[in-house]
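Protein chains: 2
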Amino acid sequence: MSAAHTPSDQTIFHPRRADLDLVEILRALADPTRLEIVRILAASEEVACGAFGIEATKQNLSHHFRVLRDAGVIASRDEGRNRYSSLRRADLEARFPGLLDGVLGKRSAR
Amino acid sequence: MSAAHTPSDQTIFHPRRADLDLVEILRALADPTRLEIVRILAASEEVACGAFGIEATKQNLSHHFRVLRDAGVIASRDEGRNRYSSLRRADLEARFPGLLDGVLGKRSAR
DNA sequence: ACTATAGTCAAATAACCGTTGTACTAATCA
DNA sequence: TGATTAGTACAACGGTTATTTGACTATAGT
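Sequence lines, in order, name chains H and Y.
If you want our numbering, it's the position in the first sequence, counting the first as 1, plus 246.
If you want our numbering, it's the position in the second sequence, counting the first as 1, plus 246.
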């Protein structure tokens with residue numbers, strides 16, 4: 247049996263860099279709530295799930311974080327009773343250079 | 247009554263540049279078939295709907311072209327019994343600079 | 001131990017989306 | 001005129017997804 251996604255399990259599922267799929271990532275980004283999450287994460291390095299000022303139930307937010315994490319857009323880390331998330335900038339840039347900047351409205355620097 | 251999307255009507259609906267919405271565009275791109283259409287269009291300036299080598303029924307292709315067009319990703323033009331489509335590069339670049347290059351895997355030149 | 005907090009899981013619902021089938025319009029060619 | 005071709009319109013099916021409700025785990029503070 248898989249032990250993925252159980253709260254007591256410290257090893258939260260994250261896809262490896264090589265497994266990142268463009269369509270999955272685009273689908274993850276193609277939602278207003280998730281796009282806002284990504285924008286907030288882009289502005290502030292690491293944020294606890296509850297610390298976003300987004301109007302949504304915590305279950306719904308939990309769902310959106312999961313979609314983003316499963317797609318490889320964000321990484322999550324448990325600390326105490328908080329789950330901190332951050333953008334997987336390096337991985338995204340390595341696999342799809344310029345994509346994140348394009349989505350965030352920041353033109354690639356080179 | 248709206249006369250949009252009728253075959254006899256030469257004025258096919260295209261959203262204006264100012265109305266392009268990032269989430270809609272991302273959603274339009276977040277599909278394997280549509281992404282392939284965009285890649286083909288990126289390689290060859292203007293292509294008739296039937297001239298893509300994509301494995302899909304014509305109804306399905308028609309649907310995908312409509313999604314892309316409604317989102318503002320492509321523009322379509324009727325000529326004879328063909329409908330030629332092209333990428334709205336300039337509009338996309340103006341509203342979301344670097345996005346298309348990021349999706350196509352072509353790093354922005356500047 | 002009790003309480004509060006952060007977040008997930010699971011089930012249910014509703015809406016959406018991709019795909020297919022049938023029918024249709026318009027244009028080209030014989 | 002008739003036949004073919006390119007593509008759309010519409011309705012239907014099946015699968016996916018966003019959202020909500022309720023219950024649960026685990027941590028932290030008292």
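Quick reminder that beta carbons are idealized off the backbone N, C-alpha and C, glycines included.
Computed from a prediction, not measured in an experiment: that's the story for all the values here.
- By the C-beta density criterion, Asp-347/H is buried, having at least 16 other C-beta atoms within 10 angstroms.
- Taking 8 Å as the upper bound on Cβ-Cβ separation, chain Y lies near residues Phe-342, Pro-343, Gly-344, Leu-345, Leu-346, Asp-347, Gly-348, Val-349, Gly-351, Lys-352, Arg-353, Ser-354 of the stretch 334 to 355 of chain H.
- The beta-carbon of Val-269/H is placed less than 7 Å from the nearest beta-carbon of chain Y.
- At a cut-off of 7 Å, the C-beta of Pro-278/H has a neighbouring C-beta in chain Y.
- Listed in chain order, the beta strand (DSSP E) runs fully inside the stretch 262 to 339 of chain H are 292 to 294, 320 to 325, 328 to 333, counting runs of at least 3 residues.
- In this structure, Arg-353/Y and Gly-344/H form a Cβ contact; the two beta carbons are roughly 5 Å apart against a cut-off of 8 Å.
- Around Val-349/Y, the same chain offers Leu-275, Leu-281, Val-284 as residues with beta carbons nearer than 8 Å, after the five sequence neighbours per side are excluded.
- For a cut-off of 8 Å, the C-beta gap from Ile-320/H to Arg-341/H is around 15 Å, too long to register as a contact.
- Residue state for Arg-353/Y is assigned as coil, using DSSP reduced to three classes.
- Contacts with chain H at 7 Å (Cβ-Cβ) include Leu-272/Y.
- Taking 8 Å as the upper bound for CB-CB distance, Cys-295/H and Leu-307/H are in contact here, some 6 Å apart.
- Look at Leu-314/H: its C-beta is not under 7 Å from any C-beta on chain Y.
- Contact between Ile-271/H and Gly-318/H holds: their C-beta atoms lie close to 7 Å from each other, under 8 Å.
- For a Cβ distance threshold of 9 Å, residue set Leu-268, Val-269, Leu-272 of chain H lies close to Leu-281/Y, ordered along the chain.
- The beta carbon of Leu-314/Y sits closer than 6 Å to the beta carbons of Ala-274, Arg-280, Ile-320 from its chain, once the five residues preceding and following it are set aside; these are given in chain order.
- At least one beta carbon of chain Y lies nearer than 7 Å to the beta carbon of Leu-275/H.
- Between Gly-351/Y and Leu-266/H, the alpha-carbon positions lie close to 14 Å from each other.
- Apart from sequence neighbours up to five positions away, the residues of its chain that approach Arg-263/H with a beta-carbon distance below 7 Å are Asp-337, Ala-340, Arg-341, ordered along the chain.
- Pairing Ala-302/H with Arg-312/H, the inter-Cα distance amounts to about 15 Å.
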